[in-house]
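Presented below is the structure to which this report refers.
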Amino acid sequence: MFKLNIEGMSCQHCVNTVTKILESMGNLKNIKVSLEDKAAYFEADKGGDFELIKAKVEEKGYKVTGWEEK
Ligand SMILES: [Cu+2]
Numbered sequence: 034m035f036k037l038n039i040e041g042m043s044c045q046h047c048v049n050t051v052t053k054i055l056e057s058m059g060n061l062k063n064i065k066v067s068l069e070d071k072a073a074y075f076e077a078d079k080g081g082d083f084e085l086i087k088a089k090v091e092e093k094g095y096k097v098t099g100w101e102e103k
């Protein structure tokens with residue numbers, strides 16, 4: 034399970050936007066985006082492509098401030 038820290042999400046719309054980006058990656062499972070935690074959780078089989086995820090999320094105006102494996 035990975036946790037991606039994301040700054041700038043302020044409402045359910047933001048949660049949906051980030052969720053769709055993660056779903057579009059195609060190789061992430063059990064995606065959960067939490068407004069409260071300012072984070073996205075997911076499982077990645079072969080390790081996610083974090084640089085690509087970061088780029089796609091930041092393209093939408095949010096800031097990825099880090100990630101950790103749990
Ligand atoms: Cu929003």
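Numbering (my numbering), first residue to last: 34 to 103.
Using N, Cα and C, we set each Cβ at its ideal position, and we do this for glycine too.
1) Can you name, in chain order, every residue of its own chain whose Cβ lies under 7 Å from the Cβ of residue 100, other than the five neighbours on each side?
2) Under a criterion of Cβ closer than 5 Å to any non-hydrogen atom of ligand 1, which residues qualify, in chain order?
3) Three-state secondary structure (DSSP) at residue 55?
4) Could you give the residue range of the beta strand (DSSP E) that holds residue 96?
5) Looking at residue 42 and residue 68, is the spacing between their C-beta atoms short of 9 Å?
For this structure:
1) 35, 36, 37, 38 and 83
2) 43, 44, 46 and 47
3) helix
4) In this chain, the beta strand (DSSP E) harbouring residue 96 covers 96-102.
5) yes
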